[in-house]
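Residues 1 to 95 (the UniProt record's numbering) are what the sequence shown spells out, left to right. Glycine residues also receive a C-beta, built at the ideal position from the N, C-alpha and C atoms.
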Amino acid sequence: MVGNAVTDDYHDYLGTFEYWWTHGLISDKTYHNLKATCLLDSSMHPSPECVKNLNLASAEEGNIDPYSLYTKPCNDTSSLKLGLGGRYVSFFFPF
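Right under this line is the structure:
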């Protein structure tokens, strides 16, 4: 088991881009541009073209949590306080 390990820039980028794309967070064009410009770059020193495409992907993704796509949004803090009484976990299982 690997857990939440960093493997290498190539596979980390590829997995991230595929996750965004297969979950409808970025367009086909952005996905292909990311693969073309970022896969061989270092995550510490990406090329200007890679940074441009990463910023575009971020804009397409919008203001959502990509790791919590299937949970209900919490738009009101007062409803959050009421929901923390033990029923909160059920929001994580939409099926």
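Output the distance between the C-alpha atoms of residue 24 and residue 63, rounded to the nearest integer angstrom.
14 Å
Report the rounded CA-to-CA distance for residue 7 versus residue 18, giving the unit in angstroms.
16 Å
With 16 other Cβ atoms within 10 Å as the buried cut-off, status of residue 55:
exposed
Can you say whether residue 57 is buried or exposed, counting buried as having 16 or more other CB atoms within 10 angstroms of its CB?
buried
DSSP-derived helix/strand/coil call for residue 12
helix
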